[in-house]
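Novice: If you're matching positions, the sequence shown starts at 91 in our numbering and goes up one per residue. In this text, a Cβ means the ideal position worked out from N, Cα and C, and glycines have one as well. On a predicted model such as this, the values are computed, not experimentally measured, just so you know.
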Amino acid sequence: MTIKVPFVDLKLQHEPIQMELQHAIQSVLEQGDFILGQALSDFEAAFAAVCGTEYGVGVASGTDAIALGLQACNIGAGDEVILPTNTFVATLIGVLRSGAKPVLVDCDRQTALIDLEAAAKAITPHTKAIIPVHLYGQMVSPRDLLKFADTYKILIFEDAAQAHLAQRDGYYAGSVGIAAAFSFYPSKNLGAFGDGGMLLTRDLDVAQKMMRLRNYGASQKYFHTESGTNSRLDTLQAAVLHQKLPYLTKWNRDRLSIAQEYDNELAPLASAGIFPLENQSGTGHVYHLYVIRVDDSCPIERQQIQEHLTAVGIQTGIHYPIPCHLQPAFTNLGYQPGDFPQAEKLSKQILSLPMYPGLNSSQIKEVVAAIAHAVSTISQANEPLPTDLGSVVV
Ligand SMILES: *Cc1c(COP(=O)(O)O)cnc(C)c1O
Numbered sequence: 091m092t093i094k095v096p097f098v099d100l101k102l103q104h105e106p107i108q109m110e111l112q113h114a115i116q117s118v119l120e121q122g123d124f125i126l127g128q129a130l131s132d133f134e135a136a137f138a139a140v141c142g143t144e145y146g147v148g149v150a151s152g153t154d155a156i157a158l159g160l161q162a163c164n165i166g167a168g169d170e171v172i173l174p175t176n177t178f179v180a181t182l183i184g185v186l187r188s189g190a191k192p193v194l195v196d197c198d199r200q201t202a203l204i205d206l207e208a209a210a211k212a213i214t215p216h217t218k219a220i221i222p223v224h225l226y227g228q229m230v231s232p233r234d235l236l237k238f239a240d241t242y243k244i245l246i247f248e249d250a251a252q253a254h255l256a257q258r259d260g261y262y263a264g265s266v267g268i269a270a271a272f273s274f275y276p277s278k279n280l281g282a283f284g285d286g287g288m289l290l291t292r293d294l295d296v297a298q299k300m301m302r303l304r305n306y307g308a309s310q311k312y313f314h315t316e317s318g319t320n321s322r323l324d325t326l327q328a329a330v331l332h333q334k335l336p337y338l339t340k341w342n343r344d345r346l347s348i349a350q351e352y353d354n355e356l357a358p359l360a361s362a363g364i365f366p367l368e369n370q371s372g373t374g375h376v377y378h379l380y381v382i383r384v385d386d387s388c389p390i391e392r393q394q395i396q397e398h399l400t401a402v403g404i405q406t407g408i409h410y411p412i413p414c415h416l417q418p419a420f421t422n423l424g425y426q427p428g429d430f431p432q433a434e435k436l437s438k439q440i441l442s443l444p445m446y447p448g449l450n451s452s453q454i455k456e457v458v459a460a461i462a463h464a465v466s467t468i469s470q471a472n473e474p475l476p477t478d479l480g481s482v483v484v
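(1) How long is the line joining the alpha carbons of Ala136 and Leu338, rounded to whole angstroms?
(2) Taking the CB atoms as reference points, tell me whether Tyr306 and Gly318 lie closer together than 9 Å.
(3) Is Glu473 helix, strand or coil by DSSP?
(4) Would you mind sorting Gln108 into buried or exposed? The rule is 16 or more other CB atoms within 10 Å of its CB.
(5) From the DSSP secondary-structure annotation, give me the bridge partner or partners of Val195.
(6) What's the C-alpha gap between Val171 and Lys455?
(7) Look at the alpha carbon of Cys197 and the alpha carbon of Val223, and state the distance between them as a whole number of angstroms.
(8) Give the DSSP bridge partners of Pro389, in chain order.
(9) Got a sec, what are the start and stop residues for the beta strand (DSSP E) Gly232 sits in?
(10) Tell me the DSSP secondary structure of Ser481 in three-state form.
(11) Pick helix, strand or coil for Glu207, following the three-state DSSP scheme.
(12) Report whether the distance from the Cβ of Tyr40 to the nearest heavy atom of ligand 1 is below 8 Å.
(13) Where does Ser117 sit, in a helix, a strand or coil, going by DSSP?
(14) Are the stretch 266-278 and the stretch 233-246 touching, with three or more C-beta to C-beta distances below 8 Å?
(15) Counting only runs that start and end within the stretch 365-450, where is the beta strand (DSSP E) found for 3 or more residues in a row?
(16) For ligand 1, is there a heavy atom less than 8 Å away from the beta-carbon of Ser437?
(17) Between Thr143 and Glu134, what straight-line distance do the alpha-carbon atoms span, to the nearest angstrom?
(18) Does any heavy atom of ligand 1 sit closer than 8 Å to the C-beta of Gln252?
(19) Taking DSSP's pairing of strands, which residues face Thr291 in a bridge?
(20) Grab me the residues of Gln333's own chain with a C-beta within less than 6 Å of its C-beta, minus the 5 sequence neighbours each way, in chain order.
(21) Quick one: does the C-beta of Tyr380 sit closer than 8 Å to a heavy atom of ligand 1?
(22) Apart from the five residues just before and just after Val147, which ones in its own chain have a Cβ nearer than 7 Å to its Cβ?
(23) Are the stretch 234-242 and the stretch 370-385 in contact at 8 Å, needing three or more beta carbon pairs?
(24) Find the nearest neighbour of Asp169 within the set His216, Gly448 and Ala210, judged by alpha-carbon distance.
(25) Kindly give me the distance between the Cβ atoms of Gly189 and Gly166, rounded to whole angstroms, as I take these residues to be in contact under 8 Å.
(26) Comparing alpha-carbon positions, which option in Arg199, Ala282, Asp259 and Ala357 lies nearest Asn176?
(27) I need the DSSP call for Thr217, collapsed to helix, strand or coil.
(28) Cα separation between Thr153 and Asp99?
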């Protein structure tokens with residue numbers, strides 16, 4: 091089957107700026123400062139500034155930004171960290187690597203974001219921090235978060251891996267808590283030509299500890315004040331990311347208008363039980379993913395819709411099909427099916443539609459028409475035959 095509408099298309103993003111990206115790479119080749127080079131510090135400062143905070147520390151991945159970032163905030167063994175079960179598994183892995191105890195909580199059904207009422211019930215005397223995951227490109231409300239953190243006297247550590255330049259309540263993602271983790275995985279809203287990540291913070295101590303942790307715990311060359319690791323954002327990747335940074339706002343605006351077009355096209359399907367997840371942050375949503383919910387009231391299953399789309403050449407995804415607490419790797423955390431009903435239900439209902447800057451109107455219409463087609467044809471086929479059919483035949 092040829093792919094008519096891919097899930098993401100990075101070539102579309104890079105082709106128009108290919109020359110300047112090559113130039114950025116070339117200049118690093120000429121400098122030769124591949125590790126902790128000038129282009130890295132330049133990009134760290136630039137990214138922190140556009141996100142409305144002070145310091146950026148580039149690391150090898152978003153996962154490392156979480157794991158090392160928590161350590162840099164002095165969060166670890168003996169501490170509990172609250173996070174949503176509905177997130178990419180890297181959030182949980184980051185907490186486990188820091189040595190802290192992860193405490194999972196359920197999510198809100200309309201937005202799929204962490205449920206702060208559920209989080210309140212998970213507070214104990216050992217709770218040190220909450221990780222709001224700004225999932226799919228929508229921030230967890232900073233106003234609610236700051237009130238929450240103030241009430242319970244805990245830290246906010248943001249997972250902003252899907253929310254580059256997202257805004258809500260007048261805050262940028264990454265500027266709300268003590269620190270924030272970003273990922274530059276290629277398909278993220280700002281993506282490198284490989285893996286990459288960054289910790290943002292306005293706290294100098296956190297930034298300095300993070301710089302040591304990513305560099306074998308060295309406070310100066312061959313002088314190690316703690317045991318760290320090797321996790322640096324390559325100078326080459328930083329140069330690429332810095333070159334792409336000025337386009338991020340436009341790319342995010344594209345994503346938003348694509349989402350608005352999906353919203354409009356999908357509106358008639360609400361009566362068939364198909365809804366987009368709720369956008370509660372207006373134009374501040376940066377739509378890393380565009381996610382719909384196939385409700386119980388829909389006459390067909392999510393899987394039937396996905397299979398039909400695949401059959402007609404439209405790629406989709408599920409983010410995420412198994413909530414963290416039900417992943418086989420984490421049975422030792424002691425959670426059971428039924429512990430987080432909203433997240434469990436959502437995991438069976440959600441479907442991520444194609445979303446990337448450059449996705450055009452006719453493709454959007456094609457995707458929605460294919461969903462509508464699936465609903466009408468499959469639901470007709472599913473309809474039971476009238477029970478008195480036999481007597482009619484006789
Ligand atoms: C991508 C992602 C991460 C991990 O980032 P990597 O760079 O892939 O390690 C963490 N949290 C969330 C929510 C993500 O989407």
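Specialist: Well, looking at it:
(1) Here the question's residue 136 lines up with position 46 in the sequence shown. Here the question's residue 338 lines up with position 248 in the sequence shown. Cα to Cα, Ala136 sits roughly 13 Å from Leu338.
(2) Position 216 of the sequence shown, counting from 1, holds the residue named residue 306. Position 228 of the sequence shown, counting from 1, holds the residue named residue 318. The Cβ-Cβ distance between Tyr306 and Gly318 falls below 9 Å.
(3) As a working mapping, residue 473 is identified with position 383 in the sequence shown. If DSSP states are grouped into helix, strand and coil, Glu473 belongs with coil.
(4) On the sequence shown, residue 108 is found 18 positions in, with the first residue counted as 1. Its Cβ having fewer than 16 others within 10 Å, Gln108 is exposed.
(5) The residue labelled residue 195 in the question sits at position 105 within the sequence shown. In DSSP, Val195 forms a bridge with Pro174.
(6) Counted from its first residue, the sequence shown places residue 171 at position 81. Counted from its first residue, the sequence shown places residue 455 at position 365. One alpha carbon belongs to Val171, the other to Lys455, and they sit about 42 Å apart.
(7) Locating residue 197 in the sequence shown gives position 107, counting from the first residue. Locating residue 223 in the sequence shown gives position 133, counting from the first residue. So the alpha carbons of these two residues sit roughly 11 Å apart.
(8) For the purposes of this step, residue 389 is taken as the residue at position 299 of the sequence shown. Within the DSSP secondary-structure output, Pro389 pairs in no beta bridge.
(9) By 1-based counting over the sequence shown, the position of residue 232 is 142. Residue identity check: residue 232 is Pro in the sequence provided, not Gly. Where Pro232 is concerned, there is no enclosing beta strand (DSSP E), although the alpha helix (DSSP H) it sits in stretches over Pro232 to Tyr242.
(10) On the sequence shown, position 391 is the one that residue 481 refers to. Confidence at Ser481 is low in this model, with a pLDDT of 45, below 50, so its placement is unreliable and no value can be given for it.
(11) Within the sequence shown, numbered from 1, the residue matching residue 207 stands at position 117. Secondary structure at Glu207: helix, using DSSP grouped into helix, strand and coil.
(12) There is no way to answer for residue 40, as the model of the chain reaches only from 91 to 484.
(13) Against the sequence shown, residue 117 aligns to sequence position 27. The three-state secondary structure of Ser117, taken from DSSP, is helix.
(14) The stretch 266-278 makes contact with the stretch 233-246: 3 or more CB pairs, one atom from each, lie closer than 8 Å.
(15) Annotation: the stretch 365-450 contains the following complete segments of the beta strand (DSSP E) (minimum length 3 residues), in chain order: 380-384 and 440-443.
(16) As a first step, residue 437 is located in the sequence shown; it is residue number 347 there, counting from the start. Outside the cutoff, so no.
(17) Locating residue 143 in the sequence shown gives position 53, counting from the first residue. Locating residue 134 in the sequence shown gives position 44, counting from the first residue. Looking at the two C-alpha atoms, the distance is approximately 11 Å.
(18) Looking up residue 252 in the sequence shown gives position 162. Yes, since a heavy atom of ligand 1 falls inside the 8 Å radius drawn around the Cβ of Gln252.
(19) Sequence index remark: in the sequence shown, residue 291 carries index 201 (1-based). According to DSSP, which records beta bridges pairwise, Thr291 is partnered with Tyr145 and Ala269.
(20) Residue 333 sits at position 243 when you count from the first residue of the sequence shown. Excluding positions up to five away in sequence, the list reads Glu110, Leu111 and Ala114.
(21) Locating residue 380 in the sequence shown gives position 290, counting from the first residue. In terms of side-chain proximity, the C-beta atom of Tyr380 is found no nearer than 8 Å to any non-hydrogen atom of ligand 1.
(22) Within the sequence shown, the letter at position 57 stands for residue 147. Counting only Cβ-Cβ distances below 7 Å, and skipping sequence neighbours, we find Glu134, Met288, Leu289, Ala297, Met300, Met301 and Arg304.
(23) Too few Cβ pairs lie closer than 8 Å, so no.
(24) As a working note, residue 169 is residue 79 in the sequence shown. Among His216, Gly448 and Ala210, the Cα nearest to that of Asp169 belongs to His216.
(25) Here residue 189 is taken as the residue at index 99 of the sequence shown, counted from 1. Here residue 166 is taken as the residue at index 76 of the sequence shown, counted from 1. Rounded to whole angstroms, the Cβ separation of Gly189 and Gly166 is 4 Å, and the two are in contact under 8 Å.
(26) Translated into positions along the sequence shown, residue 176 becomes position 86. When each option's Cα is compared against that of Asn176, the closest is Arg199.
(27) Here residue 217 refers to the residue found at position 127 of the sequence shown. Thr217 sits in a strand when the DSSP states are folded into three classes.
(28) In the sequence shown, the residue the question calls residue 153 occupies position 63. In the sequence shown, the residue the question calls residue 99 occupies position 9. Taken atom to atom, the span from the alpha-carbon of Thr153 to that of Asp99 is near 24 Å.
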